[in-house]
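Data first, discussion second: the structure below is written as structure tokens.
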Amino acid sequence: MNEKKTFWKHLQAWVDGEEVILDADKYIVSRPKREKSDWRSHFTMEYVKEHRKLYMFLSIAISVLFIGIMLGVVNGLPEFGNPHNPANNEVMERYLESGIEETGATNFVAGMILDYRAFDTFAEANVLFLAVMCAVILLKKDSKNYCAQEEQEKYEDNIFDEREKKPILQMGGKVLAPLVILYGIYVILNGHLSPGGGFSGGSIIGAGLILYASAYGQKKMRTFFTFRTFTAISVGCLLTYCACKTYSFFTGANHVGFAIPKGTPGDILSGGFILPLNICVGLIVACTMYGFFALFTKGDI
Amino acid sequence: MREVIAAIFMIAGLVIFLVSILGIFRFKYVLNRMHAAALGDTLGLGFVIIGLIILGINVFASLKLFLIILFFWMSGPIATHSIAKVEILTNKNFEERVREK
């Protein structure tokens, strides 16, 4: 049945569950190989050297073309400082005039990124999560991508790490890491009142975790931060964010009929969803920072 | 009078920063460059912040600035120490370590 069949017969055979090509393995081995036509093999080093002048001309021409396009765009830009520029539109006025009233946050930036444009921030948090997941796929060591020699090396590294005494670093980590983490929590919780918020506070917490991990080693870190807690915190925070914003989405942009209490602007418990969303973003960023550190140093969280 | 004293302290700090930046670019070996970098982080920053404390608006601003000094004087030397330790433990090139070649 090696001869070519029509498409219809092919489909019929496939629907009936027949094997379309008998002895498919042998057929794949014996079939004539396709000629590889790689356009890259045409441009060898010798070819480039022979046509040096052409390449010089081409590179200059392309550069001049791009410079021309860029300068044309710059020429078309609106004048700097003109009050009628498209950037100075009613959106900015709306944010600045009724931002406190509508979001309940005294920090306009927090009100903007976590209330008016919360979906954008949600995608940013997703990007961070995706990045750390890619690092986990590539770098995390498990039984399938891990040979005996690497295991031996890791074992020796661990022995070396445990024997190494670092009293100065440990003393510093003991004093500084809690303070750094506390400051990060302060920045997150005050995100809607003062400069700061989820992203900056989360990176401060991540720095504190990295300091603690480098002082006391991964083994001690595992007592409270394993891969399970890492995934639980990241996924849980993303889902909480998603749920909060879905609620806003379905009840209308301004929580029509089902308003979240905004509180008095300036209080710690105010701003509707901004405080929980800040906490979610901060936890995700902290996990991501520490995850990158752990994956790139030891290959495991 | 207070402004003058504060200005003297801050200018001293900036001069030390200048020296430390020069050192980072002039020296060739890790430990020498690290010495220069740590100089700016501790002494230079200390002088600048002492100047700011003298200029200080109120007590709480001064206390916060003092906390900044405390934080930097703890974290900077510890980080420098860790880098130096790794360099000493891993660099096997004796000529570079001793004679800066």
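Residue numbers (this note's numbering), protein chains in the order written: chain V, 15 to 315; chain Y, 190 to 290.
No residue lacks a Cβ here, since even glycine has one placed at the ideal position from N, Cα and C.
Kindly indicate which three-state DSSP category residue i falls into: helix, strand or coil?
i      : result
V/D281 : strand
V/I195 : helix
V/C161 : coil
Y/T269 : helix
V/D314 : coil
Y/I239 : helix
V/L207 : coil
V/I298 : helix
V/S112 : helix
V/S51  : coil
V/N140 : helix
V/N16  : Legend: pLDDT at V/N16 = 46, less than 50; position of this residue unreliable, value from coordinates given subsequently. DSSP places V/N16 in coil when its eight states are reduced to three.
V/F57  : coil
V/D156 : coil
V/G212 : helix
Y/M190 : coil
On the CB-based measure, 16 or more other CB atoms within 10 Å of its CB, does residue i come out buried or exposed?
i      : result
Y/I277 : exposed
Y/N280 : exposed
V/K276 : buried
V/H65  : exposed
V/F133 : exposed
V/A75  : exposed
V/F80  : exposed
V/T117 : buried
V/I288 : buried
V/I173 : exposed
V/H206 : buried
Y/N247 : exposed
V/Y352 : Absent from the model: residue 352 of chain V. The displayed extent of chain V is 15 to 315, so no value can be given.
V/M70  : exposed
Y/I200 : exposed
V/V62  : exposed
V/N96  : exposed
Just how far apart, CA to CA, sit residue i and residue j?
i      : j      : result
Y/L220 : V/D281 : 50 angstroms
Y/F214 : Y/N282 : 22 angstroms
Y/L244 : Y/R191 : 7 angstroms
Y/M223 : Y/S271 : 11 angstroms
V/E93  : V/I151 : 48 angstroms
V/D314 : V/S248 : 16 angstroms
V/G86  : V/A137 : 33 angstroms
V/E107 : V/G231 : 51 angstroms
V/T20  : V/I42  : 20 angstroms
Y/V237 : Y/I194 : 12 angstroms
V/Y130 : V/G250 : 23 angstroms
V/K259 : V/C161 : 45 angstroms
V/H98  : V/N121 : 26 angstroms
V/T135 : V/I127 : 6 angstroms
V/E204 : V/G220 : In the sequence on display, residue 204 of chain V carries Asn and not Glu. Computed Cα separation, rounded: 18 angstroms.
V/L72  : V/V78  : 10 angstroms
V/E104 : V/S284 : 26 angstroms
V/L252 : V/G90  : 41 angstroms
V/P46  : V/H24  : 21 angstroms
Y/I242 : Y/L232 : 15 angstroms
V/E49  : V/G31  : 32 angstroms
V/P192 : V/G198 : 10 angstroms
Can you name the residues of chain V whose CB is closer than 8 angstroms to the CB of residue i?
i      : result
Y/H270 : I182 and L183
With distances taken Cα to Cα, identify the nearest neighbour of residue i among the options.
i      : options                           : result
V/I202 : V/G296, V/T265 and V/D156         : V/G296
Y/G212 : Y/F198, Y/I242, Y/A196 and Y/D230 : Y/D230
Y/E284 : Y/A201, Y/Y218 and Y/I194         : Y/Y218
V/G305 : V/H24, V/F143, V/G205 and V/D156  : V/F143
Y/I164 : Y/I197, Y/F216, Y/F249 and Y/L228 : Missing from the structure shown is residue 164 of chain Y; chain Y here goes from 190 to 290 and no further.
V/Q1   : V/F122, V/L225, V/D171 and V/P209 : This structure does not reach residue 1 of chain V, given that chain V is present from 15 up to 315, and the question cannot be answered.
V/K180 : V/A227, V/S157, V/P192 and V/N103 : V/A227
Y/A353 : Y/L252, Y/K274 and Y/V208         : One cannot answer for residue 353 of chain Y here, as it falls past the ends of chain Y, which runs 190 to 290.
Y/T269 : V/I182, V/E104 and V/S55          : V/I182
V/M303 : V/S208, V/A149 and V/S77          : V/A149
V/F241 : V/P290, V/N204 and V/D156         : V/D156
Y/G235 : Y/L203, Y/F249, Y/A273 and Y/V275 : Y/L203
Y/L259 : Y/I239, Y/I210 and Y/V275         : Y/I239
V/G186 : Y/I242, Y/W262, Y/F198 and Y/S251 : Y/W262
V/I114 : V/T278, V/T245 and V/A229         : V/T278
At a CB-CB cut-off below 8 angstroms, which residues of chain Y make contact with residue i?
i      : result
V/G186 : M263, S264 and I267
V/L196 : The contacting residues do not exist; V/L196 stays about 12 angstroms from chain Y at best.
For a contact meaning CB atoms closer than 9 angstroms, what does residue i contact in chain Y?
i      : result
V/L223 : Here the premise fails: no neighbours, minimum Cβ distance about 15 angstroms.
V/V189 : M263
Which residues in chain Y sit within 7 angstroms of residue i, going by Cβ to Cβ distance?
i      : result
V/V201 : What V/V201 touches in chain Y: nothing, since even the nearest Cβ is about 14 angstroms away.
V/V338 : No information on residue 338 of chain V is available, as it lies outside the stretch 15 to 315 that chain V covers here.
V/L283 : By Cβ distance, chain Y contributes nothing, its closest Cβ being about 24 angstroms from V/L283, past 7 angstroms.
Quick check: does the Cβ of residue i come within less than 7 angstroms of any heavy atom belonging to the ligand FAD?
i     : result
V/P92 : The ligand content of the structure shown is nil, which means the ligand FAD is not present either.
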